[in-house]
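See structure below.
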């Protein structure tokens, strides 16, 4: 499901996932303690940050990706009564 | 309504919206607490920031957009007895 | 009236205006408290800051413009017994 | 063994090695104390950081490399019950 | 009078002027208090700072100019028993 | 003797030398106190740091060079029971 | 006399001069107090700092120059029992 909001720059909107996450690749992420990176699903992505030559860096993450991210630097938002998170792509560690 | 002032660089002028915001897209934003991002309507936009190659980055937001923003870094102004806000586009998280 | 001094880089010289300001566009700015942005008239402008490619960014403000600015970062000067202010164009929020 | 996760930018995933490490090159690394650089095996690598001209810097490390790294700045993750580390290539001192 | 020393980069040498300064342009600068910008005469100028493309930015000030400057960041020197000041062109606010 | 490890970026591996160092050029460095720059022999060098245009800066030091360096910023490592140092080329003051 | 060491980047080696300095140009620098810039003779110069386009900035100072410099940021070294100083060209204020 894609969210009908358009993040600016290299921002993305994430729906945090609590508890274990089982992936097709066989990876199972345990319930994360608060000081560890978190995982979640990407709901919306921006157009990418602008380089000094005027072009945009294509986003590495896309809607639907499961990602591992650091909450530090992100911003909590509430949309349609759901708690979501806006953060910059640079705070995403990896696509799972 | 466009405001007859010209923000410089990538600055924009925002009219903050208090209380719930219902959008055509079906998004409903709750009344925001002060430590959360705020939402509002864009009244004026600048020409964009200048890159080191001398060109300007086209603004992603335009007059009339509903936006989600961080007030941190913005500047309160009062025009025609209305409380408005000037902030840089980089403090806007998303277009709603 | 243009002041016969030449600000360097992207500096400008401003004559601060106290009290309300009535503009053709109908905007009236109330008397500003000290922690708010101030308004004033531009008396002199520099040639613009130099980019890493050696060209200068054309100034967005020109002599005679009414501007909204942050005093923070500016420098008070006294010329012909008048209190003026020198500041960088990046401290100007908007042209009124 | 390559891990089925895709680090972003110039991030890599490392499996820390404890105790002495004997290499084919004849190098023997002692058991490392916590304030010294650590050694480990690279399990996954990103696409490289993006330069201001839009190209990516090719990664110097590849999957399977034994590396000497500084833990400072890295992020602990747990995948399939194994304690791993995500860090930027700039925190890798050398390939062994 | 040009001083026989060659400032490096965008440095200039200034002879501070104390007391009132009357200029041909009709500008009168009062005696400056220590926390205000100072005025003086330029005795020597450098070749200009080097940009990342390898060219130098031509100096805006030249020998003989009367300038308004911030002493902050400058360096006191004594040459032929005269107290002079070396500072970077970016600390010069305006040419009078 | 070249060490079989590959430093990343502009890193180098140094074997610190204690006491006086007699060179063909006749330079003799006295025993250095801890707060002074140290001297040593270069055992391995990286490929050089990457510039924003994607090219690498050729290393100025090469394996076998005697160098004067600041330990500040370097990282102690122990390889084959020998205490060595990894540091960036920018922490090397001069080739002796 | 040129010293047989090769400073890296834009570093130079200086022999500090104490007391007055009489120059052909007639400039005489008085004995400098410790908090003032110092003067000395350049014994060795590096190849210049590398710009982001990969070229080096030619050094402005050359061996044999008498210079005025700020000791702040320099590094004391002792070579052949003589106390010398290594510092970056940007810490040199002027060639005398």
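Residue numbers (our numbering), protein chains in the order written: chain D, 161 to 256; chain W, 161 to 256; chain U, 161 to 256; chain F, 161 to 256; chain A, 161 to 256; chain G, 161 to 256; chain V, 161 to 256. Where is the CB? At the ideal position from N, CA and C, for every residue including glycine. As the structure is a computational prediction, the values presented were derived from the model and not from experiment.
For residue 242 of chain W, does the three-state DSSP call read helix, strand or coil? strand
In or out: residue 167 of chain G buried (at least 16 other Cβ within 10 Å) or exposed? buried
When the Cα atoms are used, what is the spatial distance from residue 212 of chain V to residue 208 of chain F? 19 Å
Measure the C-alpha to C-alpha separation of residue 249 of chain A and residue 201 of chain D and round it to an integer number of angstroms. 52 Å
Could you give the first and the last residue of the continuous beta strand (DSSP E) run that contains residue 176 of chain A? 171-176
What are the partner residues of residue 220 of chain F, as DSSP defines its beta bridges? Paired residue(s): none; residue 220 of chain F is not in a bridge.
Confirm, please, whether the CB-CB distance from residue 171 of chain U to residue 244 of chain U is below 8 Å. no
Contacts of residue 171 of chain F in chain D (Cβ-Cβ under 8 Å): 253 and 254
Can you give me, in chain order, the residues of the stretch 226-248 of chain F that have a beta carbon less than 8 Å from any beta carbon in chain G? 228 and 230
Output, in chain order, the set of chain G residues within a Cβ distance shorter than 8 Å of residue 210 of chain V. 211 and 217
Which residues in the same chain have their Cβ closer than 6 Å to the Cβ of residue 251 of chain A, if we skip the five residues on either side of it in sequence? 229, 230 and 233
Contacts that residue 168 of chain G makes with chain F (C-beta to C-beta distance below 9 Å): 220, 221, 227, 249, 250, 252, 253, 254 and 255
Measure the C-alpha to C-alpha separation of residue 169 of chain V and residue 217 of chain U and round it to an integer number of angstroms. 31 Å
Relative to the alpha-carbon of residue 227 of chain D, which residue among D/163, D/182, D/238 and D/165 has its alpha-carbon at the smallest distance? D/182
Straight-line CA distance for residue 180 of chain V to residue 214 of chain G? 49 Å
Kindly give me the distance between the Cβ atoms of residue 221 of chain A and residue 210 of chain A, rounded to whole angstroms, as I take these residues to be in contact under 8 Å. 18 Å between Cβ atoms; not a contact.
Taking the continuous beta strand (DSSP E) assigned at residue 254 of chain W, which residues delimit it? 252-255
Along the beta strand (DSSP E) that carries residue 204 of chain W, what are the first and last residues, could you check? 198-205
Strictly below 8 Å CB to CB, what residues from chain G border residue 214 of chain V? 211, 213, 215 and 217
Could you spell out the range, first to last residue, of the beta strand (DSSP E) harbouring residue 227 of chain G? 226-229
Taking the straight line between their C-alpha atoms, what separation do you get for residue 198 of chain A and residue 225 of chain A? 14 Å
Residue 197 of chain V versus chain A: which residues are under 7 Å apart at the beta carbon? 235 and 237
Establish whether the CB of residue 203 of chain U and some CB of chain W are separated by less than 8 Å. no
Cross-chain neighbours of residue 187 of chain W in chain D, by beta carbon under 9 Å: 163, 164, 165, 239 and 240
Nearest residue (CA-CA) to residue 240 of chain U, options A/187, A/173 and A/255: A/187
Can you have a look at residue 184 of chain U and say buried or exposed, based on whether 16 or more other CB atoms are within 10 angstroms of its CB? exposed
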